[in-house]
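Convert by adding 1076 to the 1-based position in the sequence shown; the result is the number in our numbering.
All residues carry an ideal CB built from backbone N, CA and C; glycine is no exception.
Remarks on the structure that follows.
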Amino acid sequence: MIVGFHLYIIRKKGRFIILSSCFTSVPHNSLPMALWCWNLLFLSLPAILFSTQPCAYSQQVPKYRFMQNATRAAEISYYDYIVIGGGTAGCPLAATLSEHYSVLLLERGGSPYGNPNISNLASFGAALSDTSPTSPSQRFISQDGVINSRARVLGGGSCLNAGFYTRASPQYVKEAGWDGKTVNESYQWVEKVVAFQPEVKQWQSAVRDGLLEIGVVPSNGFTYDHIHGTKVGGTIFDHNGNRHTAADLLQYANPSRITLLLDATVHRILFRVKPGSRPKAHGVVFRDSLGRRHKAYLNNHPRNEIIVSAGALGSPQLLMLSGVGPADHLQAHKIKITLDQPWVGQEMSDNPMNAIFVPSPVPVEVSLIEVVGITDFGSYIEAASGENFAGGSPRDYGMFSPKIGQLSTVPPKQRTPEALAKATELMNNLDEAAFRGGFILEKIMGPISRGHLELRSRDPNDNPLVTFNYFQDPRDLERCVKGLTTVEKIIESKAFSKFRYQNMPLPMLLNMTASSPVNLLPKHTNSSLSLEQFCRDTVMTIWHYHGGCQVGKVLDADYKVLGADALRVIDGSTFNYSPGTNPQATVMMLGRYMGVKILSQRLRAEQIQQ
């Protein structure tokens, strides 16, 4: 009989472990103990995705002499290109443009370098768990009730994610209207700096072999390419456990032609509006960390441009704050209308993720997402494992901090030193076997369901309001059910049998998973009876949200804002659906690709004029 349920974080032997006071009423060496431990561990999925054993932090920090804090910026400055957002697309884009022209790169966050919570694989999850104003991760909760995060750091989401690296499919490239040769060259330009082959061990091998056993074939070995079947993908973590991000691509930049300002929050884009003419972007207003106001303008040349690369939330938000968006919504916020663009902030999507936890009777290695099954019905199957579920620093204990209480069931007044001391005592008696295992997840492609984004306020530091409408389209729900059915088959496969308690039927695993508060949605009893209900109840993000500034609606084929001059948007907000099994490779590629295209078009035009 369980007599209490309090959630705590304990540091033991240099790592953080989650436990509950329910352990006092369950024998420490029993199978129910493992069930309860894994039920608790499931809470930490957004922050523990693939955390690892501690390792010494070491990474060579690049000495970008063009990087400085915005507090040192001039009150007024002039450039050929102004790139807003030093993220996954903005860094390769700015580096490429600086080959021939002066570039200002404005990043609202700080540097990732020297921060082990970003660069050290062993600290994965700590940055996502940090809710401080200077955190590299800015948490938000969608109107759907799903907890999510957006990047606030140089390098963008590549500084926070689980590191999986894989290209878009040839079909995606074709539908996007991109040139295949330049796309391949741009991927290779990125991969020389940030992509690596992972070392596949027991758990990942079992998942791979299970996928093949149940018919997710052929076996495609290790490849960056998006191919139906089962493959091992790339990673942006090197063999020493150091993360390589889009910020590393700035090593390609011409240091004499680029200026990078950190902690520079852009408040609006400035336009010249003449009667009978289209509005033309010609500058930006930004503030530094001290609140001081700065202006940056384009040099006087017809081909100079402002390029927004602020991400799927930041780019539509900034356009609206600058008067480009749905007229009625802008008027409601008392924003002067520059351009009535009703599609800004529309068609927002987030690929729903659902997972099943599998406690293991034997020890497992710590692994990130390395293997993926690309099915023919629109679902991607992945997995992760490990014994060390770190998720924070010694000060904050990640997203389970007694101070933060993000998902904790312990009321703030009960988070006392005495309570933690008692939890420490319980920890000393806890069997390490309770923390073995991992999970297998499915993420649907697309998705088809669409939502929208609106301003919360006129403050660019505030998160906008975003609704993704998970599973609104029944085809998305059908893909989720098929994906989870595939996960169930892997769990029951011969290849995976050594990592499965044979006396734990699938309904038990499903109900254990469904009972965990992974989101803020209402729960239903016995979700295992309906995979459709399980999909709805346990939906989570895998941070692949996109849309809001899509090509064909907000932008033309060259990513120029329709109805405006000297303004483009280049980032994940332009996608109609998410590329490949993870979009980060394609977002970095897009920054390089469009930089090359802009340069070639401009240089060709200038040669003709001469």
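**Request:** List the endpoints of the continuous beta strand (DSSP E) containing residue 1343.
**Result:** From DSSP, the beta strand (DSSP E) with residue 1343 extends over 1341 to 1348.
**Request:** Can you say whether residue 1217 is buried or exposed, counting buried as having 16 or more other CB atoms within 10 angstroms of its CB?
**Result:** The residue is exposed, with fewer than 16 neighbouring Cβ atoms inside 10 Å.
**Asked** In its own chain, which residues sit with a C-beta less than 6 angstroms from the C-beta of residue 1134, not counting the 5 before and 5 after it?
**Response** Model confidence at residue 1134 stands at a pLDDT of 47, short of 50, so the residue's coordinates are unreliable and nothing is read from them.
**Prompt:** First and last residue of the beta strand (DSSP E) that includes residue 1320?
**Reply:** Per DSSP, residue 1320 belongs to no beta strand (DSSP E) and is neither H nor E.
**Request:** Measure how close the beta-carbons of residue 1566 and residue 1283 come, nearest whole angstrom, since I'm counting them as under 8 angstroms.
**Result:** With 8 angstroms as the limit, residue 1566 and residue 1283 qualify as a contact, their Cβ atoms being about 6 angstroms apart.
**Request:** Under the assumption that residue 1681 contacts residue 1354 (Cβ atoms under 8 angstroms), give the Cβ distance between them as a whole number of angstroms.
**Result:** Contact flag wrong, Cβ pair sits at about 19 angstroms.
**Message:** Just to confirm before moving on: does the CB-CB distance between residue 1347 and residue 1182 stay below 8 angstroms?
**Reply:** No, the Cβ-Cβ distance between residue 1347 and residue 1182 is not below 8 angstroms.
**Request:** Measure the C-alpha to C-alpha separation of residue 1205 and residue 1155 and round it to an integer number of angstroms.
**Result:** Taking the straight line joining both Cα atoms gives about 37 angstroms.
**residue 1251: first and last residue of the uninterrupted beta strand (DSSP E) it sits in** = No beta strand (DSSP E) contains residue 1251, which is instead part of the alpha helix (DSSP H) from 1246 to 1252.
**Item:** Contiguous beta strand (DSSP E) assignments of at least 3 residues, all confined to the region 1140 to 1220
**Value:** Counting only runs of 3 or more, we get 1143 to 1145, 1152 to 1155, 1157 to 1160, 1179 to 1182, 1213 to 1217.
**Prompt:** Does DSSP classify residue 1374 as helix, strand or coil?
**Reply:** Taken through DSSP and simplified to helix, strand or coil, residue 1374 comes out as strand.
**Prompt:** Which partner residues does residue 1622 have in the DSSP bridge list?
**Reply:** Under DSSP, residue 1622 forms a beta bridge with 1425.
**Message:** Just to confirm the assignment, what range does the beta strand (DSSP E) spanning residue 1336 have?
**Reply:** 1334 to 1338 is the span of the beta strand (DSSP E), which, as asked, contains residue 1336.
**Item:** Beta-carbon proximity of residue 1301 to residue 1620, cut-off 8 angstroms
**Value:** Inclusion of residue 1301 and residue 1620 in the CB contact set at 8 angstroms is not warranted, their separation being larger than that value.
**Prompt:** Are there 16 or more other CB atoms within 10 angstroms of the CB of residue 1226, so buried, or fewer, so exposed?
**Reply:** A buried status is given to residue 1226, since no fewer than 16 other beta-carbon atoms sit within 10 Å of its beta-carbon.
**Item:** Spatially closest choice to residue 1241 from 1186, 1314, 1631, 1638, by CA coordinates
**Value:** Here the closest residue by C-alpha is 1314.
**Message:** Tell me the DSSP secondary structure of residue 1358 in three-state form.
**Reply:** Under the three-state reduction of DSSP output, residue 1358 falls in the strand class.
**Item:** residue 1258, enclosing alpha helix (DSSP H) - first and last residue
**Value:** Its alpha helix (DSSP H) spans residues 1256 to 1270.
**Message:** Taking the alpha helix (DSSP H) that residue 1137 belongs to, which residues open and close that run?
**Reply:** Residue 1137 -> no alpha helix (DSSP H), and no H or E assigned at all.
**Prompt:** If we count Cβ pairs, one from each stretch, closer than 8 angstroms, do we get three or more for the region 1582 to 1593 versus the region 1373 to 1392?
**Reply:** No, the region 1582 to 1593 does not touch the region 1373 to 1392.
**Request:** Compare the beta carbon distance of residue 1563 and residue 1447 with 8 angstroms and say whether it is the shorter of the two.
**Result:** Contact: no.
**Message:** Taking the alpha carbon of residue 1296 as the reference point, which residue from 1418, 1224, 1451 has its own alpha carbon closest?
**Reply:** Considering only alpha carbons, the answer is 1451.
**Prompt:** Are the region 1389 to 1403 and the region 1622 to 1629 touching by the rule of at least three beta carbon pairs closer than 8 angstroms?
**Reply:** Touching, per the Cβ criterion.
**Buried or exposed (CB count within 10 angstroms, at least 16 for buried), residue 1352** = Sixteen is the threshold: since fewer than 16 other Cβ atoms of the shown chains lie within 10 Å of the Cβ of residue 1352, the residue is exposed.
**Request:** Could you check how far apart the C-beta atoms of residue 1194 and residue 1167 are, in whole angstroms? I think they sit under 8 angstroms.
**Result:** That belief does not hold up - the Cβ atoms of residue 1194 and residue 1167 are roughly 14 angstroms apart, past 8 angstroms.
**Item:** Reduced DSSP category for residue 1303 - H, G, I as helix; E, B as strand; rest coil
**Value:** In this structure, residue 1303 counts as coil in the three-state DSSP scheme.
**Message:** How far does the beta strand (DSSP E) with residue 1571 in it extend, from its first residue to its last?
**Reply:** Where residue 1571 is concerned, there is no enclosing beta strand (DSSP E), because DSSP gives it neither an H nor an E.
**Prompt:** Based on the DSSP output, what are the partners of residue 1433 in its beta bridges?
**Reply:** 1515.
**Asked** With C-beta atoms as the reference, is residue 1149 less than 8 angstroms away from residue 1370?
**Response** For residue 1149 and residue 1370, yes; Cβs fall inside 8 angstroms.
**Asked** Can you name the start and end residues of the beta strand (DSSP E) that residue 1539 belongs to?
**Response** From DSSP, residue 1539 is part of no beta strand (DSSP E); its letter is neither H nor E.
**Prompt:** Based on Cα-Cα distance, which residue from 1230, 1214, 1555 lies nearest to residue 1145?
**Reply:** The candidate whose alpha carbon is nearest that of residue 1145 is 1230.
**Request:** Run the CB neighbour count on residue 1540, radius 10 Å, all protein chains shown included, and call it buried at 16 or more, exposed below.
**Result:** Buried is the call here.
**Request:** Give the straight-line distance between the Cα atoms of residue 1104 and residue 1519, rounded to the nearest whole angstrom.
**Result:** Residue confidence is low: residue 1104 scores 40 on pLDDT, short of 50, so the model does not pin down where it sits. No coordinate-derived value is stated.
**Prompt:** Considering residue 1610, what are the terminal residues of the alpha helix (DSSP H) in which it resides?
**Reply:** 1607 to 1613 is the span of the alpha helix (DSSP H), which, as asked, contains residue 1610.
**Asked** residue 1153 and residue 1408 look like a contact to me (Cβ under 8 angstroms); what is the Cβ gap, rounded to whole Å?
**Response** About 34 angstroms separates the beta carbons of residue 1153 and residue 1408, which is beyond the 8 angstroms limit, so they are not a contact pair.
**Item:** Validate contact between the region 1570 to 1580 and the region 1428 to 1436 using beta carbons, cut 8 angstroms, 3 pairs
**Value:** Enough Cβ pairs lie closer than 8 angstroms, so yes.
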